[in-house]
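Undergrad: Below you will find the structure I want to go over with you.
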Amino acid sequence: MTTRRTSALLTVTAIVVALMGLYLLGAGAWLVALGGSSYYVIAGAALLAVAWLLWRRRRAALWLYAAVVLGTLAWALREAGLDWWPLAARGDVLFLVGLFLVSAWVERRLRGDEAAHGARGADDGVQGGRDPNDRAVRRWWPARAALAASLAVFLVVGIASWFSHPHRLDGTVERDGAGAPSQALSDVPAGEWHAYGRTDAGRRYSPLSQITPENVSRLAVAWRFETGDLRGQPGDPPETTFEVTPLKIGERLFLCTPHQQVIALDATTGEKIWEYDPKIRDRLALQHLTCRGLSYDDGTASRPSDGVRDAARVRRSAKADLPIAADDARTVERCSAKLFMPTADGRIIAIDPDNGSVCRSFGDGTGQIDLWANMPNVNPGGYYSTSPVVVARGLIVVGGTVLDNVSTHETSGVVRAFDASTGALVWNFDPAKPDETAPIAPDATYTPNSPNSWSIASVDPALGLVYLPMGNAPPDQYGAKRTDAEERFSSSVVALELDTGKMRWVFQTVHHDLWDYDVPAQPSLVDLRIDGESVPALVQPTKQGDVYVLDRRSGKPLLPVVEKPAPQGAALDDRTSSTQPSSALSFAPQPLEGRDMWGATMFDQLACRIAYHRMRYEGRFTPPSKQGTLVYPGNFGVFNWGGVAVDPVREIAFTTPSYLAFVSKLVPRENDEKLYVQKDGRAPEGALPALNENFGAPFAVKLEPFVSVFGIPCQAPPWGYVAAADLRSGEVVWRRRNGTVRDRAPIPLPFRMGVPDLGGPIVTASGIAFLSGTLDYYVRGYDVTTGEQLWRARLPAGGQATPMTYLGKDGRQYLVVVAGGHGSLGTKAGDAVIAYALPAG
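Here the sequence shown stands for residues 581 to 1421, where the numbers follow the numbering used here.
Have a look at this one:
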């Protein structure tokens, strides 16, 4: 019975090997026809021969399989070198099958068949009394040894690759003893955090130094607060996210939740002090539902007395049918200080930080600004400020997000400034009419479909400039109808005069953007020592991976920027720019090749290679196509809204570059009624928009990550790093892969492959950086000097937000992390606000 079972299992093994060979041969031939590697054809044919020999119980099967193993190893080393994950993907299945074939009981069965065959074919005289099994042993032993040796070589090379770090860059950040130039762009107390980036300079740098590289490992949870606000409510879009960075003002923390609740906590104990619900209207056309933060006005800013601020009263839009904050909440007549809360239905509400009351005198008794006033194509939910507004010199500067790829009839991307005391309109910057910044006429409307500024702005009060990261004119992947003005401001950084909205300068990071490479992150303002002088600089990370270091007075590059030739050949009536800018400081990835394709096994890796060769790809800035274009980096971005953290003393940027490829396929539209790219061809529920349909354009766009059938990236890891860059030289000082696949793999193994992050880092004066945005659920602390990970703590959900730090009234430095997950990334949802501190005493 055992012999029958063994024989049957060997037969099954032969069939499995034959199926492997057939797949590799057939798919490999397809790959060769597409211009790819011929390895798979050769390996497939060899495995078919192995299967036939196993079926015939021939020892040559082991010899040939050993040759396949060694040949695969040589090919893998040629393509990937001593890089463990690419090696593993190429040889894992072959290695496991080889272990089975070299096992003793398989060898005994094969040997037994040969011995039995010999016994049946010879008489006793020929055998001379010798056991035929002995001769079979001598015949099979070399084949088994050869296969074992080939597997051992593969194993030794694999182990050697564990000690190779081809993606790592070692270096040391130097702290120059001469000291950095003055960085007094704000007067925020050292122990507080008054804006999204701590100050409106957007550095995400804290001067606190209580938590150090020496004691960071002792951090422990000090308190935890749960908001009770989780995604999954009726009307929620898939991208419902908890991305807030709290403010710390006095002895309180202030934060907002995805569904727009505003909460005040005791900063030392985490106890709730008050909560405010703005009661946003329902049936919203939301692409995103989030609140990245609040804004604070202490009420002491000086206000120009030139009469400009009396030019326009508070305005309202009857079409938007918005709730009135002062009618539905506790109110106070006047607020000496204010919190400003952006809502998903298109309002900015003024709240008293003392008790959570609405400031009635703001907005002509409404307590709010109506952002739909003078807007075209009113569609509540289709425009609002997902990011905190800027408050400076008595002004509120507001941009907003528009629906990206729904239609060519969206609202305006106008940026506006309002009086922080009254809510009256002071100026407007409409990218289609950049010179007309005086308040728009009451019965006029802004330009529809113009470039918008959805991320966080920065301010230099001394220069009187506000710096805006600009997005694109929708739709993202088709630009034939864009005007010259739209082209000028799309995917750029714009400096406006704070008092008037007049443009001072513009620097474009992508020409004629067809890839959704809008500028996603807050510019960081820092003074750098260049040629012995202190130069006011602006540091701008981008989705495509370039980091631009500009003189913030003029927009001129401080690090070289060159124009490089770009791929050509856009879709119908469209065009591509002949060149694209490239910064000397860049985290842009090397172009992908077939050898860079990856998978859990050689089989899905082969499928990824075929998919790669079937698409159009000529490197970065390959235009979208009906064929399907590989976009790398994808619109997830090397950097996104989390940006970078800038240390003004060390004059470095602590960065978290991510690398994911996407596929962009243009789908011709026949009319403006049919749905072309929605799942199952169905319209979204309720008022949610039909994303990527591009009604009014000749193409819808099918946009998705470039992943294998198992849902893992088709490109080889690492997919995420932490890295430090010298802002004066443009040199990347060190780089380390970051994060594990513990929370993304079917089996929760903490393989440190390097995963993407979404949510920015912070740095402190003591040389510690903190980050919680990786796709595994951890907050981590790093040594800024070397990049070494010094500490980590497990989070209850995805930490896709930027941490912050402050001093409590007990004198301890606290680190606060929000763990709420991210809808479109699929990280676990949560509602936790967690504070860490060193042990008391």
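Where a beta carbon is used, it is the ideal one built from N, C-alpha and C, also for glycine.
(1) Since alanine 997 contacts asparagine 954 with CB under 8 Å, what's their CB separation in whole angstroms?
(2) Starting from tryptophan 1034, follow the beta strand (DSSP E) in both directions and report where the run begins and ends.
(3) Taking the CB atoms as reference points, tell me whether serine 1070 and proline 1031 lie closer together than 9 Å.
(4) From histidine 745 to arginine 1332, what does the alpha carbon distance come to, in whole angstroms?
(5) By the DSSP assignment, the beta strand (DSSP E) with glycine 1361 in it spans what residues?
(6) Which whole-angstrom value is the C-beta distance of tyrosine 964 and valine 994, which I expect to be below 8 Å?
(7) Using the C-alpha atoms, what's the distance from leucine 864 back to lysine 899?
(8) Going by other Cβ atoms of all chains shown within 10 Å of its Cβ, with 16 needed for buried, is asparagine 985 buried or exposed?
(9) Helix, strand or coil for arginine 1133, going by three-state DSSP, please let me know.
(10) Could you tell me whether the stretch 865 to 872 touches the stretch 958 to 975, where touching means 3 or more Cβ pairs closer than 8 Å?
(11) Pull up the distance between the alpha-carbon of serine 992 and that of tryptophan 1034, whole angstroms please.
(12) Enumerated in chain order, which unbroken segments of the beta strand (DSSP E) with a length of 3 residues or greater are wholly contained in the stretch 1053 to 1122?
(13) Taking aspartate 1154 as the reference, which of Pro1103, Pro1147, Lys1061 has the closest Cα?
(14) Taking one C-beta from the stretch 1199 to 1213 and one from the stretch 1323 to 1339 each time, how about it: are there three or more such pairs within less than 8 Å?
(15) By a C-beta neighbour count over all protein chains shown, 10 Å radius and 16 as the cutoff for buried, is aspartate 1251 buried or exposed?
(16) Grab me the residues of leucine 1255's own chain with a C-beta within less than 8 Å of its C-beta, minus the 5 sequence neighbours each way, in chain order.
(17) Which runs of the beta strand (DSSP E), 3 residues or longer, sit entirely within the stretch 1276 to 1351?
(18) Please state whether the Cβ-Cβ distance between valine 1413 and threonine 807 is less than 9 Å.
(19) Please report the distance separating the alpha-carbon of cysteine 1188 from that of valine 1287.
(20) In three-state DSSP terms, what is threonine 652?
(21) State yes or no: is the C-beta of threonine 1002 within less than 9 Å of the C-beta of serine 941?
(22) Where are the beta strand (DSSP E) runs, 3 residues long or more, that stay fully inside the stretch 1176 to 1234, in chain order?
(23) Near leucine 653, which residues of its chain fall below 7 Å by C-beta distance, leaving aside the five closest residues on each side in sequence?
(24) Buried or exposed for glutamine 1102, going by 16 or more other Cβ atoms inside 10 Å?
(25) Please go through the stretch 975 to 1006 and give each complete beta strand (DSSP E) segment of 3 or more residues, from N-terminal end onward.
(26) Threonine 1365: which of Val1343, Val1099, Val1039 sits nearest, CA to CA?
(27) Please state if the CB of alanine 844 and the CB of lysine 1389 are separated by a distance shorter than 9 Å.
(28) Looking at the secondary structure, which residues open and close the alpha helix (DSSP H) in which aspartate 877 lies?
(29) By Cβ distance, which residues of its chain are closer than 7 Å to glycine 1347, with the 5 residues on each side in sequence left out?
(30) Assuming leucine 1094 contacts alanine 1150 (C-beta within less than 8 Å), just tell me the rounded distance between them.
(31) Hey, could you find the ends of the alpha helix (DSSP H) valine 621 is sitting in?
(32) Under three-state DSSP, which class holds aspartate 670?
(33) Following the continuous beta strand (DSSP E) through arginine 927, name the residue where it begins and the one where it ends.
TA: Here's the rundown:
(1) As a first step, residue 997 is located in the sequence shown; it is residue number 417 there, counting from the start. As a first step, residue 954 is located in the sequence shown; it is residue number 374 there, counting from the start. Between asparagine 954 and alanine 997 the Cβ distance is about 14 Å, and since that is not below 8 Å, they are no contact.
(2) For the purposes of this step, residue 1034 is taken as the residue at position 454 of the sequence shown. Neither: tryptophan 1034 is in no beta strand (DSSP E) and is coded neither H nor E.
(3) Here residue 1070 refers to the residue found at position 490 of the sequence shown. Here residue 1031 refers to the residue found at position 451 of the sequence shown. Result yes, Cβ atoms of serine 1070 and proline 1031 sit closer than 9 Å.
(4) Translated into the one-based positions of the sequence shown, residue 745 becomes position 165. Translated into the one-based positions of the sequence shown, residue 1332 becomes position 752. Cα atoms of histidine 745 and arginine 1332: separation of roughly 12 Å, rounded to the nearest angstrom.
(5) Taking the first residue of the sequence shown as 1, we reach residue 1361 at position 781. For glycine 1361, the uninterrupted beta strand (DSSP E) run begins and ends at 1358 to 1363, by DSSP.
(6) Position 384 of the sequence shown, counting from 1, holds the residue named residue 964. Position 414 of the sequence shown, counting from 1, holds the residue named residue 994. Rounded to whole angstroms, the Cβ separation of tyrosine 964 and valine 994 is 13 Å, and the two are not in contact under 8 Å.
(7) Working through the sequence shown from its first residue, we reach residue 899 at position 319. Working through the sequence shown from its first residue, we reach residue 864 at position 284. Roughly 14 Å between the two C-alpha positions.
(8) Looking up residue 985 in the sequence shown gives position 405. Using a 10 angstroms sphere on the CB of asparagine 985, the tally of other CB atoms reaches 16 or more, which defines it as buried.
(9) Position 553 of the sequence shown, counting from 1, holds the residue named residue 1133. It is coil, neither helix nor strand.
(10) With contact defined as three or more Cβ pairs closer than 8 Å, the stretch 865 to 872 and the stretch 958 to 975 are in contact.
(11) Walking along the sequence shown from the start, residue 992 turns up at place 412. Walking along the sequence shown from the start, residue 1034 turns up at place 454. Separation of serine 992 and tryptophan 1034 (C-alpha to C-alpha, rounded to the nearest whole angstrom) is 12 Å.
(12) For the stretch 1053 to 1122, whole beta strand (DSSP E) runs of length 3 or above, ordered along the chain, are 1072 to 1077, 1083 to 1088, 1104 to 1110, 1113 to 1121.
(13) As a working note, residue 1154 is residue 574 in the sequence shown. Taking each of Pro1103, Pro1147, Lys1061 in turn and checking the Cα distance to aspartate 1154, the smallest one comes out for Lys1061.
(14) Verdict: no, contact absent.
(15) Position 671 of the sequence shown holds residue 1251. According to the sequence shown, residue 1251 is asparagine rather than aspartate. The residue is exposed, with fewer than 16 neighbouring Cβ atoms inside 10 Å.
(16) For this step, residue 1255 is matched to residue 675 along the sequence shown. Excluding residues within five positions, the ones whose Cβ falls inside 8 Å are Gly1261, Arg1262, Ala1263, Ala1270, Glu1273.
(17) Counting only runs of at least 3 residues, the stretch 1276 to 1351 fully encloses the following beta strand (DSSP E) elements, listed from N- to C-terminal order: 1279 to 1285, 1301 to 1306, 1312 to 1317, 1342 to 1344, 1348 to 1351.
(18) On the sequence shown, residue 1413 is found 833 positions in, with the first residue counted as 1. On the sequence shown, residue 807 is found 227 positions in, with the first residue counted as 1. Result yes, Cβ atoms of valine 1413 and threonine 807 sit closer than 9 Å.
(19) The residue labelled residue 1188 in the question sits at position 608 within the sequence shown. The residue labelled residue 1287 in the question sits at position 707 within the sequence shown. Between cysteine 1188 and valine 1287, the C-alpha separation is close to 8 Å.
(20) Here residue 652 is taken as the residue at index 72 of the sequence shown, counted from 1. For threonine 652, the three-state secondary structure derived from DSSP is helix.
(21) The residue you call residue 1002 lines up with position 422 of the sequence shown. The residue you call residue 941 lines up with position 361 of the sequence shown. Contact flag set, yes.
(22) Secondary structure in the stretch 1176 to 1234: the beta strand (DSSP E) runs of 3 residues or longer, each lying completely within the stretch, are 1209 to 1211, 1225 to 1227 in chain order.
(23) Looking up residue 653 in the sequence shown gives position 73. Taken in chain order, the residues that qualify are Gly671, Val733, Phe734, Val737.
(24) Within the sequence shown, numbered from 1, the residue matching residue 1102 stands at position 522. With at least 16 other beta carbons inside 10 angstroms of its own, glutamine 1102 counts as buried.
(25) Counting only runs of 3 or more residues that sit fully inside the stretch 975 to 1006, the beta strand (DSSP E) segments are 975 to 978, 995 to 999, in chain order.
(26) For this step, residue 1365 is matched to residue 785 along the sequence shown. For threonine 1365, the nearest C-alpha among the options comes from Val1343.
(27) Residue numbering aside, residue 1389 sits at position 809 when the sequence shown is read from its first letter. Residue numbering aside, residue 844 sits at position 264 when the sequence shown is read from its first letter. No; because the gap between Cβ atoms is not below 9 Å, this pair is not in contact.
(28) Locating residue 877 in the sequence shown gives position 297, where the first residue counts as 1. Note, aspartate 877: premise wrong, no alpha helix (DSSP H); beta strand (DSSP E) at 875 to 877.
(29) As a first step, residue 1347 must be located in the sequence shown, where it is residue number 767. Answer for glycine 1347: Pro793, Asp1363, Val1364, Thr1365, listed in chain order.
(30) Mapped onto the sequence shown, residue 1094 falls at position 514. Mapped onto the sequence shown, residue 1150 falls at position 570. Contact flag correct, Cβ pair sits at about 7 Å.
(31) Translated into the one-based positions of the sequence shown, residue 621 becomes position 41. Counting along the chain, the alpha helix (DSSP H) containing valine 621 begins and ends at 619 to 635.
(32) Mapped onto the sequence shown, residue 670 falls at position 90. Reading off the sequence shown, one finds arginine at residue 670, where the question assumed aspartate. It is helical.
(33) Position 347 of the sequence shown, counted from the start, is the residue given in the question as residue 927. From DSSP, the beta strand (DSSP E) with arginine 927 extends over 927 to 931.
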